[in-house]
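Throughout the sequence shown, residue numbering follows mature numbering (1 follows the signal peptide of the UniProt record, and there is no 0), covering -23 to -1, 1 to 145 in sequence.
Where a beta carbon is used, it is the ideal one built from N, C-alpha and C, also for glycine.
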Amino acid sequence: MTKNLCIKSFFFLLLGTIFFMLSSCEDCTFTSKNSTLIKVRFYPEAERINRRFRKASFTIDSVRTERGTVFRRRGANIDTLSLPINPTDRDNAYYVFFRRLNVTSTEQIIDTLQVSYNRQFSVISPNCGYDQKIDNLQIMLNKTTLKTATVFKDNLSVTDTLNIRIFF
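Written as structure tokens, this is what we have:
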């Protein structure tokens, strides 16, 4: 009878150990400091010349990418936009701004912003997956009436830091 008790105790101890080992797997609590949003701020051209960089409202109807519309509000006066990049796409993105000179204008102006960047992947753990750092932002204005665009911070992070300044 003691032998059966020892076998039962060993069996339950073995089951308990296996259960404990399986239930104590690593939980993924990693929080990335990287982002997939490009923060853009608009300024009048005079601010670039004077180097004061006081933001100003810019009237935009919509912003579109190859994958669809990322912003739409007819006649929206905005000074800052967060533009998403597709984390699984290529290493560049195109943003087409549809806007008007003023709210009452019927003529639509189309401006195109091309952004290129580098991706760096790193594996966090097998359970958490990978993290992606996006840096080396470069911009080019194509088919545009915008005056200038400059990169202020060339990497994307979750902080509320400006990445691109656009002057109109």
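Residue(s) in a DSSP beta bridge with residue i
| i | result |
| --- | --- |
| P103 | P103 is not bridged to any residue. |
| N11 | S134 |
| K120 | Partner(s): none; K120 has no beta bridge. |
Per-residue burial, residue i [other beta carbons within 10 Å of its own, 16 or more giving buried]
| i | result |
| --- | --- |
| residue 165 | Missing from the structure shown is residue 165; the chain here goes from -23 to 145 and no further. |
| F(-14) | exposed |
| I37 | buried |
| L90 | buried |
| A126 | buried |
| Y72 | buried |
Alpha carbon of residue i to alpha carbon of residue j, nearest angstrom
| i | j | result |
| --- | --- | --- |
| R25 | F144 | 7 Å |
| V100 | S134 | 18 Å |
| R51 | Q109 | 34 Å |
| L60 | V92 | 11 Å |
| D66 | F98 | 14 Å |
| N113 | S102 | 26 Å |
Beta-carbon separation (whole angstroms), residue i vs residue j, contact threshold 8 Å
| i | j | result |
| --- | --- | --- |
| V40 | L58 | 7 Å |
| N140 | K32 | No, N140 and K32 are not in contact; Cβ-Cβ is about 14 Å, not under 8 Å. |
State whether the region 44 to 51 contacts the region 116 to 123, with contact taken as three or more CB pairs (one from each stretch) at a distance under 8 Å.
no
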